[in-house]
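Okay, so here's the structure we're looking at.
Residue numbers (our numbering): 2 to 210.
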């Protein structure tokens with residue numbers, strides 16, 4: 002996703018990313034989730050929530066045209082510690098050009114054990130999801146959770162969403178849930194939720210919108 006807010010004048014690279022974003026949204030609205038690209042305000046909120054040890058990486062799933070990726074880099078994640086996964090080949094190619102030094106994987110976030118190099122398994126500090134999971138049936142939501150757990154056991158994931166309340170039925174999925182951030186400056190307003198398998202964070206109290 003590209004990062005443009007009201008009043009910003011996009012650079013040529015951002016403008017190209019926005020054009021790509023709109024083309025992909027028209028081709029598959031359910032895959033993109035929102036017609037409007039994510040804003041820098043949302044990216045800053047997400048970057049502030051990153052948890053990462055010295056030898057761990059940050060993995061972004063469904064990176065789109067790279068708005069959140071750039072915010073993570075601006076927030077202090079070294080390029081060599083950022084891995085972005087994007088299933089759409091055209092977008093993966095765009096990310097490879099737009100994010101020098103970042104590892105770009107053209108692959109399926111629902112099959113992370115196969116998509117990510119084995120050397121990264123167990124070395125993921127934070128996984129960030131930009132996929133509109135709220136639009137998927139619970140079986141697919143459960144498959145996504147299993148995929149993240151396979152490569153980042155016990156770490157859970159951050160999910161940014163435009164829903165007013167939790168986009169996932171966290172109790173039914175055996176998760177703990179906490180709304181970590183909200184920004185009214187995204188269009189539409191967005192929240193960031195942290196989910197973990199209940200046995201990994203059973204003492205967290207869910208935050209309601």
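Every residue, glycine too, gets a C-beta built ideally from N, C-alpha and C.
Everything numeric in this text was worked out from a predicted model, so none of it was measured.
Check	Outcome
Note down, one range per segment and in chain order, each alpha helix (DSSP H) of at least 4 residues found wholly within the segment 101-166.	113-116 and 139-152
Hey, quick one: how far does the beta strand (DSSP E) through residue 61 stretch, first residue to last?	58-62
Anyone know if the C-beta pair for residue 134 and residue 169 falls short of 8 Å?	yes
Three or more C-beta pairs closer than 8 Å, one from the segment 144-160 and one from the segment 88-106: is that the case here?	no
Across the segment 120-128 and the segment 52-63, are there enough close Cβ pairs to call them in contact, namely three or more that are closer than 8 Å?	yes
Do you know how far the Cα of residue 63 is from the Cα of residue 107?	10 Å
Considering only DSSP beta bridges, list what residue 183 is partnered with.	192
Between which two residues does the alpha helix (DSSP H) containing residue 94 stretch?	90-99
Determine the DSSP secondary structure at residue 70, reduced to helix, strand or coil.	helix
Please state the DSSP three-state secondary structure of residue 52.	coil
Given a cut-off of 8 Å, decide if residue 70 and residue 244 are closer than it, judged by their beta-carbon atoms.	Residue 244 falls outside the range modelled here, since the chain spans only 2 to 210, and no answer is possible.
Which of the three DSSP states is assigned to residue 26 in this structure?	Note that residue 26 has pLDDT 42, beneath the 50 cutoff, so the model's placement of it is unreliable and the number below is only indicative. The answer is helix: DSSP assigns residue 26 an H, G or I state.
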